[in-house]
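Letter by letter, the sequence shown follows residues 44 to 284 of the working numbering.
In this text, a Cβ means the ideal position worked out from N, Cα and C, and glycines have one as well.
Scroll down for the structure; my scribbles are underneath it.
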Amino acid sequence: MKTIFITGASSGIGRQLAVDYARKGHWVVACGRSRDKLSKLTEQFENMQMCLFDTTDREQVTQAIDSLSVIPDIWILNAGDCQYVDDGILKSDVIRQVMDANFMGTVHCLEAIQSVLKPGHHLVMTGSIASVLGLPRAAAYGASKAALHYLFRSLQQDWKDRGLVFSFIMPGFVQTPLTDRNSFPMPMRIPVEQASRSIIRGIEFKQAYIYFPRRFTWIIRLIGLLPFEWQRSVVNRFVQS
């Protein structure tokens, strides 16, 4: 049995991961901001505990990590948010909010756990395949996930002698409360249960990158290899179709 630490466990992928790991018999630390949602989740399992904090609040994160009675074996830093830039009008408060949730929230967690990480611990971050391409309306979300990916790659170098295992999750569209808000087509969107299975399998096999759904993410990755002008042309054709 392992101890699994999951941020963003109140809903979506994080919640499904918490449920699936608990069902496998692991001890799960389900983290999030919603006391009501986490209470309803954790009361279903004897091997799951609630850890209530907001990742964007550095002090809350530090206090939460310090209060852990058992140091987790797997750290899944999954909490995040998505907001769009409409009509090409940049709003710094929107971009700051998304960056705080998707990037700085993860930074706060990494800062808090860095002193307790041990050889063999598995560090997992959730990015997005959207960060591979320049997509319309995604300036805030895509930039935050691209920044997170760079942070991940840099830490792989800086912490290479610590004996840690690193994984970066690159999902396509997954059916969650977050994507349910979208009003545009979401090709090859998969159920959250399928996403959770892909992540757990990728973590089990210690994959550095966990892509799903496979066909969709391969298409995006291939487009991402094209020259930037060609990428823009392909994206424009897709958006207009």
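Legend entry - Outcome for residue 132 when other beta-carbon atoms lying within 10 angstroms are tallied against a minimum of 16: exposed
Legend entry - Cutoff 8 Å: residue 56 Cβ touching any chain D Cβ: Considering every chain present, this structure includes no chain D. It has just one protein chain.
Inset, instruction - Specify the secondary structure class of residue 169 as computed by DSSP and reduced to three states. - result: strand
Legend entry - Unbroken alpha helix (DSSP H) run spanning residue 125, endpoints: Neither: residue 125 is in no alpha helix (DSSP H) and is coded neither H nor E.
Inset, instruction - Using the DSSP secondary-structure output, state which residues sit across from residue 208 in a beta bridge. - result: 165
Inset, instruction - Please report how far the alpha carbon of residue 151 lies from the alpha carbon of residue 278, in whole angstroms. - result: Between residue 151 and residue 278, the C-alpha separation is close to 34 Å.
Legend entry - DSSP-derived helix/strand/coil call for residue 95: It is a strand residue.
Legend entry - Where the beta strand (DSSP E) through residue 120 begins and ends: 117 to 120
Legend entry - Endpoints, beta strand (DSSP E) assigned at residue 73: 70 to 75
Inset, instruction - Leaving out five residues on either side along the sequence, give the residues of the same chain with a beta carbon under 7 Å from the beta carbon of residue 63. - result: 239 and 243
Inset, instruction - Could you pull the start and end residues of the beta strand (DSSP E) that residue 48 belongs to? - result: 46 to 49
Inset, instruction - Consult DSSP for residue 62 and reduce its assignment to one of helix, strand or coil. - result: helix
Legend entry - Separation of residue 163 from residue 92, as counted between CA atoms: 23 Å
Legend entry - Euclidean distance between Cα positions of residue 262 and residue 70: 36 Å
Legend entry - Neighbourhood of residue 49 by C-beta, 8 Å cutoff - its chain only, sequence neighbours within 5 removed: 57, 60, 61, 64, 71, 72, 73, 74, 119 and 121
Legend entry - Reference residue 174, options 95, 198 and 125, closest by Cα: 125
Inset, instruction - Less than 8 Å between the CB atoms is what I'm expecting for residue 105 and residue 143, so what's the real figure, rounded? - result: At roughly 16 Å, the Cβ-Cβ gap does not stay under 8 Å, so residue 105 and residue 143 are not in contact.
Inset, instruction - Look up residue 113 in the DSSP assignment and say whether it is helix, strand or coil. - result: coil
Legend entry - Range of the contiguous beta strand (DSSP E) that encloses residue 253: 252 to 255
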